[in-house]
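**Q** For reference, the structure I am asking about is given below.
Residue numbers (the working numbering): 3 to 259.
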């Protein structure tokens with residue numbers, strides 16, 4: 003496995019420290035997934051390049067992320083702030099990872115809001131007005147406009163966080179009214195852990211909600227171009243239903259240990 007201490011002075015890795023299996027595993031998986039993303043985009047009659055592949059790096063080491071970047075990855079995500087920060091700090095020493103964008107996709111506790119603002123480019127999991135206000139407060143202190151997505155619990159499962167679909171317009175307006183340092187760039191949802199076709203109605207519903215609210219809310223800080231939906235088991239269906247960001251971990255890096 004590549005160690006970041008094995009990066010040479012030019013910022014390139016000494017590939018001798020990769021095993022051939024690790025190199026091929028990550029690179030070939032990314033190539034395959036990008037092909038499948040392009041195929042799903044074409045089936046849906048959408049414009050090529052509309053969908054961003056986000057590698058979910060939960061439990062995977064920073065060295066895996068560095069390998070993925072060298073295979074063409076541009077975006078990475080973590081579920082927990084405390085697990086992300088060591089990877090983010092480590093990869094700052096890798097020139098190839100200097101433009102890597104970091105996304106927070108897991109439930110965010112308010113006591114981690116400052117660190118989230120400091121370390122992430124986008125937060126996908128805004129699930130309460132209170133959390134939005136905390137993020138806004140720290141964004142103001144950091145002199146940073148924070149890009150966020152509103153998490154919507156389409157399926158209504160008690161185990162999932164997020165705003166309910168029924169009163170979403172009011173919640174979005176409340177966030178816009180009280181959080182001037184936030185831009186709402188779209189929505190995120192998690193489908194039930196079932197088959198891809200069982201997930202399809204959930205993805206379709208979020209797309210329809212986005213289209214409806216786009217016509218009703220004219221605030222310039224509401225630009226819901228992003229739909230973060232779809233994971234390793236259902237991302238092709240999510241793309242067919244309008245996803246612009248797919249969150250994939252095991253299909254890139256393999257089973258988590």
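Glycine included, each C-beta is placed from N, C-alpha and C at the ideal position. Since the model is a prediction, treat every value here as computed from it, not as a measurement.
Report yes or no: do the stretch 187-201 and the stretch 218-236 share at least 3 C-beta pairs separated by less than 8 Å?
**A** yes
**Q** So the candidates are 201, 109, 73; which of them puts its Cα closest to the Cα of residue 128?
**A** 109
**Q** Nearest CA to the CA of residue 222: which residue from 238, 175, 241?
**A** 175
**Q** Output the distance between the C-alpha atoms of residue 77 and residue 67, rounded to the nearest integer angstrom.
**A** 10 Å
**Q** How many angstroms separate the CA atom of residue 236 from the CA atom of residue 89?
**A** 27 Å
**Q** Do residue 212 and residue 56 have their CB atoms nearer than 8 Å?
**A** no
**Q** Mind checking residue 84: buried by the 16 CB within 10 Å criterion, or exposed?
**A** Exposed, since its Cβ has fewer than 16 Cβ neighbours within 10 Å.
**Q** Excluding the five sequence neighbours on either side, which residues of its own chain have a C-beta within less than 7 Å of the C-beta of residue 71, listed in chain order?
**A** 98, 99, 102
**Q** Quick one, which of 219, 238, 214 has its alpha-carbon nearest residue 197's?
**A** 238
**Q** Express the C-alpha separation of residue 215 and residue 244 in angstroms, rounding to a whole number.
**A** If you draw a straight line from the Cα of residue 244 to the Cα of residue 215, it comes to about 15 Å.
**Q** Quick check on the burial criterion: 16 or more other C-beta atoms within 10 angstroms. Buried or exposed for residue 153?
**A** buried
**Q** Can you list the beta strand (DSSP E) stretches of 3 or more residues lying completely in the stretch 130-195, in chain order?
**A** 148-153, 184-190
**Q** I'd like the span of the beta strand (DSSP E) that includes residue 229, first residue to last.
**A** 224-230
**Q** Considering residue 78, what are the terminal residues of the beta strand (DSSP E) in which it resides?
**A** 77-80
**Q** On the DSSP bridge list, what partners appear for residue 260?
**A** No information on residue 260 is available, as it lies outside the stretch 3 to 259 that the chain covers here.
**Q** With a CB to CB cut of under 8 Å and the five nearest residues on each side skipped, what residues in its chain are close to residue 147?
**A** 141, 183, 184, 185
**Q** DSSP state of residue 48, grouped into three classes?
**A** coil
**Q** At the level of alpha carbons, what is the spacing between residue 6 and residue 92?
**A** Because the pLDDT of residue 6 is 42, which lies under 50, any placement of that residue in the model is unreliable, and the number read from its coordinates should be weighed accordingly. Straight-line measurement puts the Cα of residue 92 at about 8 Å from the Cα of residue 6.
**Q** How should residue 232 be labelled, buried or exposed, when 16 other C-beta atoms within 10 angstroms of its C-beta is the threshold for buried?
**A** The residue in question, residue 232, is buried, as its Cβ has 16 or more Cβ neighbours within 10 Å.
**Q** Mind reading off the beta-carbon distance from residue 157 to residue 204? Whole number of angstroms is fine, and I expect it under 8 Å.
**A** Yes, they are in contact, since the Cβ atoms of residue 157 and residue 204 sit about 6 Å apart, within 8 Å.
**Q** So is residue 56 in contact with chain D if we call contact Cβ pairs under 8 Å?
**A** No chain D is part of this structure, which consists of one protein chain only.
**Q** For residue 43, collect the residues of the same chain with a Cβ closer than 7 Å to its Cβ; drop the 5 residues on either side in sequence, then sort them by chain order.
**A** Within its own chain, the residues whose Cβ lies closer than 7 Å to the Cβ of residue 43, once the five positions on either side in sequence are excluded, are 50, 52, 53, 241, listed in chain order.
**Q** One question on the structure: do residue 181 and residue 116 come within less than 8 Å of each other, judged by their Cβ atoms?
**A** no
**Q** Our contact map puts residue 194 next to residue 159 with C-beta atoms below 8 Å; I'd like the distance itself, whole angstroms only.
**A** 7 Å
**Q** On the DSSP bridge list, what partners appear for residue 201?
**A** None; residue 201 has no bridge partner.
**Q** Return the CA-CA distance between residue 26 and residue 139, expressed in angstroms with no decimal places.
**A** 44 Å
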